[in-house]
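Here the sequence shown is numbered in our numbering, starting from 393 and rising by one per residue.
Here's the structure we're looking at; comments come further down.
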Amino acid sequence: MPPRSLSPSGFKPGLHPRNPHRHGYDFALLVRASPELAPFVRPSPRGSPSIDFADPAAVTALNRALLQAHHGLREWSLPPGYLCPAVPGRVDYVHHVADLLAADRGGELPHGPGVRALDIGTGANCIYPIVGTHAYGWRFVATEVDPAALAAARAIVARHPHLARGVECRLQRTPAHIFRDVIAPGERFHVSFCNPPFHGSPAEAAAGTRRKRRNLGASSRSETVLNFGGQPAELWCPGGEVGFLRRMIAESTADPASCGWFTSLVSKAENLERLRPLLARAKAVEVRVIGMAQGQKQSRILAWTFLPPEARAIRA
Ligand code: SAH
């Protein structure tokens with residue numbers, strides 16, 4: 393029997409077996425870890441504990457509690473208006489990447505600071521380094537184009553000794569560049585992560601945010617709520633998701649040994665068909681698409697490599 397405080401609204405069928413959120417949110421545990429969550433907890437229409445997912449303050453408090461209860465943080469905050477991640481889906485990406493790396497070493501999950509990961513566009517929330525460091529002890533280099541977001545990520549890192557030991561944040565000064573200028577010549581990573589900006593224009597990003605609010609049934613028109621899905625600049629780039637990945641694929645060919653596996657989320661399945669020919673032309677030796685499901689929401693990781701298994705396998 394799940395604990396009584398477990399919320400069915402948090403239950404996400406299809407999450408990775410090692411994802412601590414796959415059985416939903418244990419609100420009693422979360423409130424113990426972060427008492428600031430308590431005022432936001434109220435019964436869902438079905439009577440189990442939940443929060444108002446259209447209220448940014450409530451979602452921020454939930455995220456803080458999740459990160460404190462399950463991902464080794466003492467505290468966590470975001471500058472107003474920055475992207476507040478849905479934690480369970482982000483955690484899934486990290487565990488699926490761990491499986492991808494394990495597959496190259498006979499199924500043994502790679503743990504420890506010998507594993508070097510790159511996070512392109514870590515955001516103000518720094519979510520992948522937080523999760524990857526706590527779950528597996530990996531080291532991260534986290535890049536970001538937005539100086540305010542990077543400062544927020546650095547502040548999270550600085551407040552936690554285990555992150556300060558393992559996470560380095562670097563500013564990307566040129567938004568059109570992905571790996572260029574942020575990794576040193578000859579620097580090597582076992583894997584790169586990315587949750588790319590997926591809209592093609594600020595207008596599209598704003599429409600996406602309005603759609604998300606409507607789906608959540610948000611009634612407030614306040615600026616905080618409008619910006620809740622993230623700063624428009626976080627959410628768009630020229631050419632949208634395909635444009636971003638096109639640049640990433642092109643740059644990955646310039647230094648194909650810099651990452652054992654290059655990976656990115658791809659929000660729309662149809663975008664894969666536009667990206668596959670680019671990877672074939674780039675002569676990627678292996679391409680994998682790893683499906684993920686969070687309840688109704690389908691997502692996927694695109695992964696490619698230019699190295700044979702013996703060259704990319706982690707020996708740590
Ligand atoms: N990783 C976070 C944030 C994703 S939003 C999460 O999953 O929640 C995408 C982020 O990429 C934004 O913060 C945006 O500022 C950043 N970004 C956009 N172009 C970039 C580039 N060329 N290099 C690094 N970061 C970039």
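C-beta: ideal position from N, C-alpha, C; glycine also.
Query: With 16 other Cβ atoms within 10 Å as the buried cut-off, status of Glu626; Result: buried
Query: Element boundaries [alpha helix (DSSP H), containing Ile548]; Result: Pro539 to Ala550
Query: Distance cut-off 8 angstroms: Gly498 Cβ against heavy atoms of the ligand SAH; Result: no
Query: Assumed close pair Val507, Ala534 - CB separation to whole angstroms, cut-off 8 angstroms; Result: 15 angstroms between Cβ atoms; not a contact.
Query: Gly635 CB to nearest heavy atom of the ligand SAH below 8 angstroms; Result: no
Query: Identity of the residues DSSP links to Ser469 by a beta bridge; Result: Note: Ser469 sits in no beta bridge, so no partner.
Query: Backbone secondary structure at Ser612 - three-state DSSP; Result: The predicted model places Ser612 with a pLDDT of 43, which falls under 50 and marks its position as unreliable; any figure quoted below should be read in that light. If DSSP states are grouped into helix, strand and coil, Ser612 belongs with coil.
Query: Three-pair Cβ contact test at 8 angstroms for the region 481 to 488 versus the region 682 to 689; Result: yes
Query: Three-state secondary structure assigned by DSSP to Tyr474; Result: coil
Query: Gly473, buried or exposed, once every other Cβ within 10 Å from all chains shown has been counted against 16; Result: buried
Query: Local conformation of Asp491 per DSSP, three classes; Result: helix
Query: Exposed unless 16 or more other CB atoms sit within 10 angstroms - verdict on Arg531; Result: buried
Query: From Leu699, Glu428, His554 and Thr514, residue whose alpha carbon lies closest to that of His582; Result: Leu699
Query: 8 angstroms contact criterion, which Ser650 and Ile575 should meet: CB distance rounded; Result: 6 angstroms
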